[in-house]
Amino acid sequence: MEEVRDIFGSAPLTGLEYNLNIEQNPSRKDIRTAAELLDAFPLFEETVIYKTQAHLVIYDVLLAHCRNLSSGKYKGRRGECCSTLVGAKGIGKTSSLQIFTKICKFMIPNVHVVYVNFNNICSSGPKFLEFSLITLIMNQLRQLGLVVPEVGEEEAPKDVLLTYLQTADINVLVLIDELDQLYKTVLPVNEITLHDLACLGNQPTGRVSVVLCGSSGMMEDLITTNGVKDTNIVDEFPLLKGAPNLNSTKYITKRVYSALPTDLGAVAIVSRMELNDANKPWLRLVAFAGGCSARTTGQILNDSGANGSVLLGLSPDSAHNILIKDDINQLLVKIIKGLYKKNNALFKQFFDSNGRALLHKLAIVNWEEQFQPLLFAEIKVIWSRLISTKKVLTKDSGKLVYNLLHLSDRCWLTIDGVVDSRPERIYPFSMFHLLKQHIKEDALPEASDQLITYISQGASASGKYLSDPKLLAGGCGDGWCWS
128 MEEVRDIFGS APLTGLEYNL NIEQNPSRKD IRTAAELLDA FPLFEETVIY
178 KTQAHLVIYD VLLAHCRNLS SGKYKGRRGE CCSTLVGAKG IGKTSSLQIF
228 TKICKFMIPN VHVVYVNFNN ICSSGPKFLE FSLITLIMNQ LRQLGLVVPE
278 VGEEEAPKDV LLTYLQTADI NVLVLIDELD QLYKTVLPVN EITLHDLACL
328 GNQPTGRVSV VLCGSSGMME DLITTNGVKD TNIVDEFPLL KGAPNLNSTK
378 YITKRVYSAL PTDLGAVAIV SRMELNDANK PWLRLVAFAG GCSARTTGQI
428 LNDSGANGSV LLGLSPDSAH NILIKDDINQ LLVKIIKGLY KKNNALFKQF
478 FDSNGRALLH KLAIVNWEEQ FQPLLFAEIK VIWSRLISTK KVLTKDSGKL
528 VYNLLHLSDR CWLTIDGVVD SRPERIYPFS MFHLLKQHIK EDALPEASDQ
578 LITYISQGAS ASGKYLSDPK LLAGGCGDGW CWS
């Protein structure tokens, strides 16, 4: 159906098709973990399926829901069949959901998968805004070949759908991507969709499971409606006013963390290279330039023939990523300064005696091992000073953890580890983003160009160019002055 845009579905294979597929691909039988899934599907429809830690977490959640559906574990149990995945942009959420939609039938043949993406909800006239979620699911199941009955005038769509799934012995996993975008547009159909989600999260049929996904740091405030108390949040997500509480105890949140900006292994996975001494110089440059998430690494590799503008475009401080709350801005500024100060000895290795940057050293120095993140205890000291100097209101003093998670989800910072619900270590979004705060503005484009040049040269020479410090130094020019 043309009116249903950005929606994909996956029909289970017939018994004969499934047995034939398993016979041809025995490794796909009895897949129970994300690692097993990614070993069985290293490539699907010419798309490489990455095996970073973030991807493993996402696939583990999806697999668990499918297996529970398939085995009937959700039957008769309310509030256990749904989850919420929250994580920063670019870690692989959307690609993982879309790929899983297509490959699920090769592993669990009695589960249909429906995928809905609300990312373009604010664009002009997306046709699927004419339908509530339940109607979208029913339409999609019909596209997959199921004979879903039409809804009568006096019938509720949810009752028709759930009755049909029970009587026809059908299981459905519904993947909702970029749910936070739905809250940005106030339309009656969007309100109905939220009520549909509330219903699906509390039904005991055991036939439907829902996984919500979003990038906004406000996701938990949206689904619990706690954010309605904050006028800034309501201004950004106006549908929140009057929205139903989806209840975080039913849509339990699973946070998916970004790869650390020092994780050369993640860059090696995305670039399909071995993590060894010969490749480390080039991997360091790529990691330093954009952090180590799948998206930023992919963009740098795909655009490495261009100039340094790609690095400036990847920076979190762009026009579309504005932080609305002043206390979060104040905290971010102090954290960036604290990270730089704590690693001052490391950064000095990248300057000559005249204060000019020696960017070739980014490939030679093992900064990924030397870099020290800020600990939560150090962040607490920063936060306490902001409160004592009245840069943060006393009524907001308890929002430190929330603010850190929000900065992580908006790609301003990267967090590592959670102990007692608190981030344990805090990193910058990328090393380049941290260092560029100290580059003079007029020198930044040239420095970005040079870093991209090194990456391109290293890629074209399969790392041999970067393995020789003399060759790198020869291409440095005069360097750039840092403020």
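Be aware that the sequence shown starts at 128, since it is given in this note's numbering, and climbs by one per residue.
Beta carbons: idealized from backbone N, C-alpha and C, even for Gly.
Being a predicted model, the structure only gives us computed values, none of them experimental.
Check	Outcome
Curious, which full-length beta strand (DSSP E) runs of at least 3 residues does the segment 508-561 contain?	540-546, 549-555
Pull up the CB-CB distance for Thr320 and Leu260, whole angstroms please, since I reckon it's below 8 Å.	4 Å
Could you give the C-beta distance for Ala112 and Leu466, rounded to a whole number, given that I count them as a contact under 8 Å?	The requested residue 112 does not occur in the structure, where the chain is confined to residues 128 to 610.
Would you call the segment 286-299 and the segment 343-361 touching, i.e. three or more CB-CB distances under 8 Å?	no
How should Gln330 be labelled, buried or exposed, when 16 other C-beta atoms within 10 angstroms of its C-beta is the threshold for buried?	buried
Skipping 5 residues on each side, what residues in its chain have a beta carbon closer than 6 Å to that of Leu81?	Because the chain spans 128 through 610 in this model, residue 81 falls outside it and cannot be assessed.
Work out the CA separation of Ser583 and Pro500 for me, nearest whole Å.	29 Å
Consult DSSP for Arg159 and reduce its assignment to one of helix, strand or coil.	coil
Could you pull out every unbroken alpha helix (DSSP H) segment of at least 4 residues lying fully inside the segment 356-381, listed in chain order?	358-363
Using a 10 Å radius around the Cβ and a threshold of 16 neighbouring Cβ atoms, would you call Gly219 buried or exposed?	buried
In whole angstroms, give me the CA-to-CA distance for Ala446 and Leu387.	Annotation note: pLDDT 46 at Ala446 (below 50); position unreliable, no value reported.
Are any of the Cβ atoms in chain D nearer than 7 Å to that of Lys232?	No chain D appears in the structure shown, which is made up of a single protein chain.
Taking DSSP's pairing of strands, which residues face Phe135 in a bridge?	Tyr242
Put Arg411 into one of helix, strand or coil per three-state DSSP.	helix
Contact between the segment 188-201 and the segment 297-310: three or more CB pairs below 8 Å?	yes
If Leu540 sits next to Phe559, beta carbons under 8 Å apart, how far is it from one beta carbon to the other, in whole angstroms?	With 8 Å as the limit, Leu540 and Phe559 do not qualify as a contact, their Cβ atoms being about 14 Å apart.
Less than 8 Å between C-beta atoms, sequence neighbours within five positions excluded: which residues of the same chain meet that for Leu532?	Gly344, Arg382, Ile542, Pro550
Which complete beta strand (DSSP E) runs does the segment 181-247 hold, if anything under 3 residues is left out?	209-214, 238-244
Just grab the DSSP bridge partners of Gly341 for me.	Val213
DSSP three-state label for Arg399, please.	coil
Which value, in whole angstroms, describes the spacing of the CA atoms of Lys488 and Asp536?	30 Å
Using C-beta distances below 6 Å, list every residue in its chain close to Val394, excluding the 5 sequence neighbours before and after it, in chain order.	Leu410, Val413, Ala414, Cys419, Thr424
Which term fits Ser336, buried or exposed, when burial requires 16 or more other beta carbons within 10 angstroms of its beta carbon?	buried
Quick check: what's the CA-CA separation for Ile226 versus Lys232?	11 Å
Please classify Leu501: does DSSP put it in a helix, a strand, or coil?	strand
Would you decide whether Asp296 is buried or exposed? Buried here means 16 or more other CB atoms lie within 10 Å of its CB.	exposed
Let me confirm a value: Gly328 is counted as buried when at least 16 other C-beta atoms fall within 10 Å, else exposed. Which label applies?	buried
By DSSP's criteria, Asn298 is part of a beta bridge. Which residues make up the other side?	Val238
To the nearest angstrom, how far is it from the Cα of Val278 to the Cα of Asp286?	9 Å
DSSP state of Ser259, grouped into three classes?	coil
What is the rounded straight-line gap between the Cα of Ile264 and the Cα of Tyr201?	19 Å
Whole angstroms is fine: what's the gap from Gly142's alpha carbon to Ile235's?	11 Å
Is the CB-CB distance between Asp187 and Ala161 below 7 Å?	yes
Under a three-way DSSP split, which group does Asp404 fall into?	coil
With 16 other CB atoms within 10 Å as the buried threshold, where does Gly601 fall?	Unreliable positioning characterises Gly601 in this predicted model, as indicated by a pLDDT of 38, which lies under 50. The coordinate reading is nonetheless provided below. Label assigned to Gly601: exposed.
Between the beta-carbon of Phe245 and the beta-carbon of Leu309, is there less than 7 Å?	yes
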